[in-house]
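Data first, discussion second: the structure below is written as structure tokens.
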Amino acid sequence: MSKPIISPSILAADFANLQSEVEMLNKSEADWIHLDVMDGNFVPNISFGAPVCSAIKRHAKKTLDVHLMIVEPEKYVSDFAKAGADYITVHAEACPHLHRNIQQIKDLGCKAGVSLNPHTPVEVLKYVIGEIDLVLIMSVNPGFGGQTFIETTYEKVRELKKMIVDGGANTIIEIDGGVTSANARKLVDAGADALVAGSFVFKSDNPSQTIIDLKNC
Ligand code: DX5
Ligand code: ZN
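Residues in the sequence shown are numbered consecutively from 1, following my numbering.
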């Protein structure tokens with residue numbers, strides 16, 4: 001059985017001890033570190049920006065998976081590229097010129113991701129799927145950690161997987177929001193390659209073991 005990429009979300013970590021949280025992830029079986037950037041405009045919450053990403057980069061030995069929940073991402077992607085992002089993901093709903101945004105991220109030397117809110121159909125990606133390294137399917141409404149997983153996600157993942165396979169693309173499907181051991185295997189079986197988990201990892205008694213459990217779902 002294929003094992004998913006695990007990308008713990010630092011949003012649920014102890015912000016007063018970011019270095020030790022990152023060092024814990026370095027020693028764990030986590031593949032990536034997920035960074036949730038929120039602007040209080042695209043989503044009703046503010047988290048952190050490129051300086052925090054840069055501080056995490058100084059300690060991180062894992063791939064930095066940056067999720068931009070912001071309007072006008074074209075103004076900031078170069079800051080995140082300089083801060084050490086490996087993947088930069090923008091929201092389709094925040095990008096009227098999505099194709100241009102994807103090219104900009106790739107021109108900066110980063111992998112380009114596009115995220116879809118729960119109500120956004122996968123069809124919006126039909127003419128760009130071959131250009132995208134990653135699609136981030138939101139399985140909660142973006143803005144907050146600790147929300148309940150939306151069950152229609154499975155069908156959406158299956159539809160997206162078909163689009164990727166039919167198009168001969170090589171795009172990673174990542175799921176974000178409410179991921180736990182209870183839904184991880186079903187998501188992977190539906191076609192997910194990567195799983196983001198915030199609360200489930202960082203609020204558990206043993207985050208490193210929880211990461212192993214998700215990996216072996
Ligand atoms: C939500 C963020 C998620 C969040 C996931 O807007 O994009 O990455 O941190 O948190 P959990 O796993 O707690 O739902
Ligand atoms: Zn996220």
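Glycine included, each C-beta is placed from N, C-alpha and C at the ideal position.
The three-state reading of DSSP puts A60 in coil, since its state is none of H, G, I, E or B.
When DSSP states are grouped into helix, strand and coil, M24 belongs to the helix group. If you look at A112, you'll find it in the beta strand (DSSP E) that goes 111 to 116. The count of Cβ pairs closer than 8 Å, one atom from the stretch 8 to 25 and one from the stretch 196 to 204, reaches three, so the stretches are in contact. Remark: C-beta atoms of V122 and I105 do not approach each other more closely than 9 Å. DSSP, reduced to helix, strand and coil, places D133 outside both helices and strands of the structure shown, so it counts as coil. Counting along the chain, the unbroken alpha helix (DSSP H) around M163 starts and ends at 153 to 166. H59 is positioned such that its CB atom lies no closer than 9 Å to that of E93. In the assembly as shown, V124 is an exposed residue. Its beta-carbon has fewer than 16 other beta-carbons within 10 Å. Pairing D79 with C110 gives a Cβ-Cβ distance that is not under 9 Å. Annotation for I6: no alpha helix (DSSP H) segment contains it, though the beta strand (DSSP E) segment containing it runs 5 to 8.
Nearest C-alpha to M38 among A16, V52, K27: V52. Taking all protein chains shown into account, M1 has fewer than 16 neighbouring C-beta atoms within 10 Å of its C-beta and is therefore exposed.
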